[in-house]
Amino acid sequence: MAQTRMIRLTVNGETGSYTVPVRQNLVDFIRNDLGLTGSHVGCEHGVCGACSIEVNGDLVRGCLMFAVQADGAEITTIEGLAESGRGAALRAAFTARNALQCGYCTPGMLATALDYVEGGGAADRDAIRAHLSGNYCRCTGYQSIVDAVCDVIEGRVEA
Amino acid sequence: MSGPLTIFDRPRDYIGQPVPRADTKRLLQGRGTFIDDIQLPRMLHAAFVRSSVAHGVITGIDVAEARALPGVVAVYTGADIAPHVEPYVGVLSHLAGLRSAPQMPLAVGVTRWIGEPLAMIVAQSRAVAEDAAALVTVEIDPLEAVTDMETALDPATPVIHAEMDSNLAWERTVDVGDVDAAFARDDVTVVERRFRFGRHTGVTLETRGAVAAYDPSEDELTFWYSGQAPHMMQFIFAKHLGLPEENVRVVSQDVGGSFGIKIHTYGDEVATALAAKLLGRPVKFVADRMESFLSDIHARDHVVDGRIAVDAEGRVAALAFDDITGIGPFSMYPRTSAIEANQVLNLTGAPYVIGNYRAHAKVVFQNKNMMCQYRAVGHPIAMAVADCLLEDAAHEIGMDVVEIRRRNLIPDDAYPTQSASGMKLDDLSHHKSLETLVETMDYDARRAEHAKLREDGIYRGLGLISMVEVTNPSPMFYGIGGAPIASQDGATIRLDAGGGVHVSSSVTEQGQGTNAILAQIAADVFGVPIARVKVTTGDTRTTPYGGGTWASRGAGIGGEACLQAAQALKEQVLEVAAVILQSAPGKLDIRAGAVVDAEGGAERMTLSDLARTVYYRGNELPADLKPELVATRHYRVTDFPFVFTNCAMAAEVEVDPETGFVQVLNFWAVEDCGRVINPVLVDEQVRGGVVQGIGGALYEECIYDAEGQLQNATMADYLVPMAFEMPDIVVKHVETPTKTSVLGAKGAGEAGTGGAPGAVMNAVNDALRPLGAEIHQMPMTPERILRALGKV
Ligand code: FES
Ligand code: FES
Chain A
1 MAQTRMIRLT
11 VNGETGSYTV
21 PVRQNLVDFI
31 RNDLGLTGSH
41 VGCEHGVCGA
51 CSIEVNGDLV
61 RGCLMFAVQA
71 DGAEITTIEG
81 LAESGRGAAL
91 RAAFTARNAL
101 QCGYCTPGML
111 ATALDYVEGG
121 GAADRDAIRA
131 HLSGNYCRCT
141 GYQSIVDAVC
151 DVIEGRVEA
Chain B
1 MSGPLTIFDR
11 PRDYIGQPVP
21 RADTKRLLQG
31 RGTFIDDIQL
41 PRMLHAAFVR
51 SSVAHGVITG
61 IDVAEARALP
71 GVVAVYTGAD
81 IAPHVEPYVG
91 VLSHLAGLRS
101 APQMPLAVGV
111 TRWIGEPLAM
121 IVAQSRAVAE
131 DAAALVTVEI
141 DPLEAVTDME
151 TALDPATPVI
161 HAEMDSNLAW
171 ERTVDVGDVD
181 AAFARDDVTV
191 VERRFRFGRH
201 TGVTLETRGA
211 VAAYDPSEDE
221 LTFWYSGQAP
231 HMMQFIFAKH
241 LGLPEENVRV
251 VSQDVGGSFG
261 IKIHTYGDEV
271 ATALAAKLLG
281 RPVKFVADRM
291 ESFLSDIHAR
301 DHVVDGRIAV
311 DAEGRVAALA
321 FDDITGIGPF
331 SMYPRTSAIE
341 ANQVLNLTGA
351 PYVIGNYRAH
361 AKVVFQNKNM
371 MCQYRAVGHP
381 IAMAVADCLL
391 EDAAHEIGMD
401 VVEIRRRNLI
411 PDDAYPTQSA
421 SGMKLDDLSH
431 HKSLETLVET
441 MDYDARRAEH
451 AKLREDGIYR
461 GLGLISMVEV
471 TNPSPMFYGI
481 GGAPIASQDG
491 ATIRLDAGGG
501 VHVSSSVTEQ
511 GQGTNAILAQ
521 IAADVFGVPI
531 ARVKVTTGDT
541 RTTPYGGGTW
551 ASRGAGIGGE
561 ACLQAAQALK
571 EQVLEVAAVI
581 LQSAPGKLDI
591 RAGAVVDAEG
601 GAERMTLSDL
611 ARTVYYRGNE
621 LPADLKPELV
631 ATRHYRVTDF
641 PFVFTNCAMA
651 AEVEVDPETG
661 FVQVLNFWAV
671 EDCGRVINPV
681 LVDEQVRGGV
691 VQGIGGALYE
701 ECIYDAEGQL
711 QNATMADYLV
721 PMAFEMPDIV
731 VKHVETPTKT
741 SVLGAKGAGE
751 AGTGGAPGAV
761 MNAVNDALRP
771 LGAEIHQMPM
781 TPERILRALG
791 KV
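The structure is reproduced here in structure tokens:
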């Protein structure tokens, strides 16, 4: 059996200690052990961006990090954003623009879009597209997501 | 033509409005329920050992070590499960002559493609199941792999199924008019091209997956799956696992993309259901990304030799082509793998007046993953062949590509009519759509700009497409051929005591907005605020019987059933209201959740009052009043085999002759999908579809080597469109409602994917033409462009 290790971390404001197999990746731990299934897994090799979450303030691919590497970390997932109200304007804009269809890419898209908006990104469609270019969406064709991000940056959304 | 048209005489509260989808809120808060989100008590996890040889005799599978690994609960080989499964064969009687061989969930005796499941591990976790899978040793005596579809029928090529005389699965010819005479005319210009369309796959972001649970005390199987057609799967599990059909419940909740991928019978999913039955415990299987590439159906992969004859006026004298497509070792069950080629035969040239038409297709077996229906089945091939030949012919005779379409498109006042292949067509608007497109894209100005840019060594091109899309299929699509696939759908609408309504429908939701448009229709037609409508879809136990979602049928068929049910419920409620209010049903109406005077709109009683009276205080009602506050209606298309839509699209590209890179700068689509129920959702269907089509035109290809090994089975290697490469897409509508329903809605889900590839190919060739190059192979990769330019 795989080796295990104890970690202690804070996810969406809740701190806990957990025993995890050392080979388990962070997004599997978050989904399967913490039951936070809002983060999704699309490729497990760092390409699609569906698993993007915030670790210590950085946007991270949860499939490319081991759970043990998150020992001591502060993590925010899509559930945490909803609970704290952070990103409310983006969520409203995503709804208004229908910037999601199946919603499977949405946790990663939202996290990546939030990273752009909070980082002071401009309402420049090419720059937004470049920032989102590591997140795969098969449904939308991306335009509505770009529209939603622009709406937020230009203050067209009431959250 | 059903029903007197009435409700659209006045503006509607919700139908036609850009109402936001209620489902988005849940998904934006991480509260969706996708397959891998389901956790059941005592649930086990499956992993599969898959074939690494494209064709070979399985001489031994050693599972002893795997079985001994702690945490492993069961290991099954093909031989282990064979006694429990009735084999399936993917043929349909209306596709005359189509043949395939019996299939089992796990290969028995011979393996026929790389990725075919050979053994199944069931363990306490997926990680342990994968550990165990790695401990299984499989011995295979390789046979020669048949990989090249173009030589699959050569006498020297081995035959994949010993019981057959060749690798031919199906063949059909359509021959109309006198094609040879037309090509022989001395006043026509003939253009011939060989088209190659690469293999694609759907790459749904949520991979296929299922959770199966079996209750031996009731002999009941519940199967949650990421899929589009619950009732079809109910039949399949009942038949092939030997269960009473009513004891099988199939549920699809949130589905992370589907596009036709999740509408077929996959061995790993059948094995998952069987394992749950054998073990009496829930079993989950979620494909990893490599398994998806190796086993999700692939599509396209056609070589088409096409030719067109046009006269000096640009009128098409004849169109003819031969198509060959390889479908893998079996025809997929139950929809079959001949439908795509059949669509190519039926649809090529369908927008145009063509008197002489000959189309021939061969569908062959090969040792690659199976092919079947993926978004826009056959359309990308059919539309690209006709419109690329047409544009090339226009250039040959020195005519503008818009003008040649004006001269050949079926006139907007010519309906009903039929296509060259005999497809019944009605309510289309090719000319109006084309003119709207030309105006929207500022066609002439762009042409002038391109000519100028060329002087500076910038090579831009415009390419158009005029297309039809098959939507709202009737029983002529599958049911007629014996498939357990409903073309009718049902909706049940119930007025609840609180005054809200509950809609339950047999069409399914994969993000396209089915639930939202059902709510819009119910709210609008019945007369409640949309927030008071709850919708259930995707559960064979609680929804009416129906086909689910495929062939762009959800809005047109499921929506019409919902409209009829809402209308019926309204009449029933007004009858009750008339008694309670001592009025007449005709004098009352329902608006915004209340019964009102039809004239003047004064509120008489709320729906909640009425419902509570009926449900709780029946004593207040006359004894002979038998109130029914629930109504069910079903709907199917009867007048036509399919309800066609049309679309005119254009792409603007820039080709870099040094690198071979193509950038799509702009894209325009003018869609006529009949009545638009929700413009935001329709536009997003079109845009998403166009982007998938651009992917097919420029990037996507399942690349196999000669041994049948898929070379690019990762998301890093199979290139899909990402945000940065994609243009903004302008979408416009022409609305010609179909007369086959009151709602008048046709489908909109596939036009983008069906038409964009041909438009992009035309645009690339427009850009390349001044350089003396042309390309008729998709995807149009930089390397292929450079080859076309003679640079490599
Ligand atoms: S699942 Fe992590 S990037 Fe795709
Ligand atoms: S909404 Fe389906 S993958 Fe983005």
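Chains A and B, in that order, are what the protein sequence lines are. Per full-length UniProt numbering, the first sequence starts with residue 1, numbered consecutively. Per full-length UniProt numbering, the second sequence starts with residue 1, numbered consecutively. Just so you know, even glycine gets a beta-carbon here, dropped at the ideal spot from N, CA and C.
As assigned by DSSP and simplified to three states, the class of residue i
i, result
"E684 (chain B)", "helix"
"V250 (chain B)", "strand"
"H450 (chain B)", "helix"
"E396 (chain B)", "helix"
"A414 (chain B)", "coil"
"M780 (chain B)", "coil"
"D141 (chain B)", "strand"
"N356 (chain B)", "coil"
"V11 (chain A)", "strand"
"V136 (chain B)", "coil"
"I61 (chain B)", "strand"
"H40 (chain A)", "coil"
"E689 (chain B)", "Checking the displayed sequence, the identity of residue 689 (chain B) turns out to be Gly instead of Glu. Three-state result, G689 (chain B): helix."
Length of the line joining the Cα atoms of residue i and residue j
i, j, result
"G671 (chain B)", "E245 (chain B)", "Checking the displayed sequence, the identity of residue 671 (chain B) turns out to be Glu instead of Gly. C-alpha separation (whole angstroms): 41 Å."
"V402 (chain B)", "R193 (chain B)", "21 Å"
"V149 (chain A)", "R156 (chain A)", "10 Å"
"G141 (chain A)", "L698 (chain B)", "15 Å"
"residue 797 (chain B)", "I145 (chain A)", "Lying before the first or after the last residue shown, residue 797 (chain B) is absent from chain B, which here runs from 1 to 792."
"A101 (chain B)", "V89 (chain B)", "6 Å"
"G747 (chain B)", "A66 (chain B)", "49 Å"
"S84 (chain A)", "Y225 (chain B)", "32 Å"
"L114 (chain A)", "I30 (chain A)", "20 Å"
"V128 (chain B)", "P83 (chain B)", "27 Å"
"V176 (chain B)", "G511 (chain B)", "41 Å"
"P230 (chain B)", "I263 (chain B)", "9 Å"
"D268 (chain B)", "I121 (chain B)", "11 Å"
"L425 (chain B)", "G758 (chain B)", "22 Å"
"F644 (chain B)", "T471 (chain B)", "6 Å"
"A89 (chain A)", "E158 (chain A)", "6 Å"
Within 7 Å, strictly: CB atoms of residue i and residue j
i, j, result
"I308 (chain B)", "L243 (chain B)", "no"
"I517 (chain B)", "G559 (chain B)", "yes"
"R769 (chain B)", "Q777 (chain B)", "no"
"Q366 (chain B)", "T147 (chain B)", "yes"
"S52 (chain B)", "T111 (chain B)", "no"
"V191 (chain B)", "E396 (chain B)", "yes"
"G547 (chain B)", "I485 (chain B)", "yes"
Local Cβ density within 10 Å of residue i, reported as buried at 16 or more and exposed below that
i, result
"R617 (chain B)", "exposed"
"Q520 (chain B)", "buried"
"G72 (chain A)", "exposed"
"S419 (chain B)", "buried"
"K791 (chain B)", "exposed"
"I324 (chain B)", "buried"
"Y615 (chain B)", "exposed"
"A181 (chain B)", "exposed"
"V22 (chain A)", "exposed"
"P473 (chain B)", "buried"
"I703 (chain B)", "exposed"
"D456 (chain B)", "exposed"
"G498 (chain B)", "exposed"
"T736 (chain B)", "buried"
Closer than 7 Å to chain E by CB, residue i
i, result
"E158 (chain A)", "Annotation note: the requested chain E is absent from the structure, which comprises protein chains A and B."
- Task: Could you name each continuous beta strand (DSSP E) segment of 3 residues or more that falls completely within the stretch 65 to 108 of chain B, going from the start of the chain to the end?
- Result: The qualifying runs are 72 to 77.
- Whole runs of the beta strand (DSSP E) within the stretch 48 to 108 of chain A, excluding any shorter than 3 residues: Correct list: 52 to 55, 58 to 61, 74 to 76.
- Identify every run of the alpha helix (DSSP H) within the stretch 491 to 555 of chain B, keeping only runs that are complete inside it and at least 4 residues long; order them along the chain. Runs found: 514 to 522.
- Task: Would you mind listing the alpha helix (DSSP H) stretches within the stretch 153 to 206 of chain B that are 4+ residues and don't spill past its ends, in chain order?
- Result: Within the stretch 153 to 206 of chain B, the complete alpha helix (DSSP H) runs of at least 4 residues fall at 179 to 184.
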